[in-house]
Ligand code: NDP
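In our numbering, the protein residues as written are 5 to 451.
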């Protein structure tokens, strides 16, 4: 028997922490996990899952409109935010319960409270100390809130799922994943949405032609954009609404302001100094390829390490850590060709290199695009075009990047990601028979 209370002490029961706990316990380790909020973490409780349900809910606005062109006579339609909000929160409760059951079934001890590392083998949770041979930090990240006078009047994606009522006006600061997703959602619910950003672009880092397509479609739908702007302060007015002051002297009034300016690692109060755990230049926990910090008994996975802030990546890091440290089967996460999606309206999906990245990496590239109006949009009278782009390394013919905006792009892209990950060539795409009539057949018809 080991002298420690636990073989593994995990801080944070989110995507990475729960996977690591479950797999390590399956390998026979005695595991404890501490969680100060709710088991399930950002993705399940206040991120991907409830967001996607709101995306589904918001899409009915256009579906019901389009239905008329397909012969359906829908007379009365109205939207009740509270009904959707409460149904989504109930689903979150259900999933929270399932995550807890998973931990319990795997005999993982759950400690509800704030965990602080005391030394390389000791963690304290609400005054009680626990010793562990290995400590895993999986405490995630939280929304960044800028240091501006009045910034506290804004909400974040943590609070948006709990809004008491649908705002008439909503301003979202930022133009990344979270901003563009929630802008689409609340616009469909009927809010007057304005997205404000410091740069002149949205979705920086994405294939520019697709980001531009989303911008154009969003403007046509009636979303407002204020790009290239600098915030100065936020003022709360007597009627409870907010006035945003910009550095150019202009102002913008709104009912709700939401910060979506990126996410910062949760490292405060963890006792990292006491344990001597080092951070990287971005303020995230620095780890090696085995997820090990500079302290040999302390590891970290997921958003707190700020490698790739995506749930499936955190899950895989947690799995690799547990197999490697407790299962006698070491393996490393492969970070190449990670697919990603933005659940905006319409959504985007992307895997591999953008055209610019591919030119840097491979020199000569061939670019294929398909710019088309999906059949359904044609009949619906909806003037929204989809855009698919394949980037091919000219010397090997391998498809090194695939980027799509259009209905169901994320669903289609997951399958394309297999092909790109497998290093298939453009000729192999072309050899594949089209599946007609679909949108995804465009992928094998680009000549
Ligand atoms: P993003 O990094 O996607 O976007 C941040 C936005 O905020 C950008 O528009 C950026 O401007 C702006 N910005 C960043 N820092 C500042 C600053 N200091 N002052 C003013 N503006 C600033 O962040 P999100 O918060 O949208 O999402 C965080 C992460 O969560 C994502 O990167 C992603 O990894 C993950 N996520 C993934 C989702 C998915 O898979 N569908 C959904 C939601 C989140 P600019 O770049 O133009 O300069």
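Beta carbons are placed, not taken as given, at the ideal position from N, Cα and C, and that holds for glycine. Please read all numbers here as calculations on a predicted model, not as lab measurements.
(message) By the DSSP assignment, the alpha helix (DSSP H) with residue 361 in it spans what residues?
(response) Unbroken alpha helix (DSSP H) run through residue 361: 359-366.
(request) Closer than 8 Å by C-beta to residue 228: which residues in its own chain qualify, once you throw out the five before and the five after it? Chain order, please. (result) 196, 197, 198 and 199
(message) Please return the same chain residues whose Cβ sits closer than 8 Å to the Cβ of residue 257, not counting the five positions on each side in sequence.
(response) 173, 241, 245, 246, 247 and 248
(message) Does the distance between the C-beta of residue 360 and the nearest non-hydrogen atom of the ligand NDP fall short of 6 Å?
(response) no
(request) Take every Cβ of the segment 356-373, pair it with every Cβ of the segment 312-323, and state whether three or more of those distances are shorter than 8 Å. (result) no
(request) Tell me where the beta strand (DSSP E) around residue 174 begins and ends. (result) 173-177
(request) Report all residues from its chain with a CB closer than 6 Å to the CB of residue 97; omit the five preceding and five following residues, and keep chain order. (result) none
(request) Kindly give me the distance between the Cβ atoms of residue 450 and residue 374, rounded to whole angstroms, as I take these residues to be in contact under 8 Å. (result) 5 Å
(request) Using a threshold of 7 Å, state whether the C-beta atoms of residue 355 and residue 431 are closer than that. (result) no
(message) If contact is defined by three or more beta carbon pairs under 8 Å, each pair taking one atom from either stretch, is the segment 158-173 in contact with the segment 333-348?
(response) no
(request) Would you check if the segment 171-190 and the segment 66-75 touch, i.e. whether three or more CB-CB distances between them fall below 8 Å? (result) no
(request) With residue 120 as the anchor, note down where its beta strand (DSSP E) starts and where it stops. (result) 119-123
(message) Please return the same chain residues whose Cβ sits closer than 6 Å to the Cβ of residue 57, not counting the five positions on each side in sequence.
(response) Hits under 6 Å: 92.
(message) What does DSSP give as the partner residue(s) for residue 141 in the beta ladder?
(response) 15 and 304
(message) Does residue 436 pass the burial test, meaning 16 or more other C-beta atoms within 10 Å, or should it be called exposed?
(response) exposed
(message) Closest to residue 219 by C-alpha separation, out of 88, 209 and 205, would be which residue?
(response) 205
(request) Measure the CB-CB distance between residue 37 and residue 21 and report whether it falls below 7 Å. (result) yes
(request) Mind listing, in chain order, the continuous alpha helix (DSSP H) runs of no fewer than 4 residues lying wholly within the segment 284-351? (result) 315-330
(request) Go ahead and pull the three-state DSSP assignment for residue 281. (result) coil
(request) Would you mind stating whether residue 11 and residue 33 have Cβ atoms separated by less than 7 Å? (result) yes
(message) With H, G and I counted as helix, E and B as strand and the rest as coil, what does DSSP make of residue 397?
(response) strand
(request) Check whether the Cβ atoms of residue 15 and residue 135 sit closer than 7 Å, and answer yes or no. (result) no
(message) Contact between the segment 104-112 and the segment 266-279 is defined here as three or more beta-carbon pairs at a separation below 8 Å; is this criterion met?
(response) no
(request) Could you tell me whether the segment 114-123 touches the segment 80-87, using the rule of 3 or more Cβ pairs below 8 Å? (result) no
(request) Kindly indicate if chain D contains any beta-carbon less than 7 Å away from that of residue 286. (result) Protein chain content of the structure displayed is limited to a single chain, and chain D is not contained in it.
(message) Tell me the DSSP secondary structure of residue 454 in three-state form.
(response) Here the chain comprises residues numbered 5 to 451, so residue 454 is not present and cannot be evaluated.
(request) Answer with buried or exposed for residue 221, where buried requires no fewer than 16 other C-beta atoms within 10 angstroms of its C-beta. (result) buried
(request) Can you grab the Cα-Cα spacing for the pair residue 154 / residue 252, in whole Å? (result) 18 Å
(request) Kindly identify the DSSP beta-bridge partner or partners of residue 36. (result) Beta bridge pairing from DSSP links residue 36 with 13 and 113.
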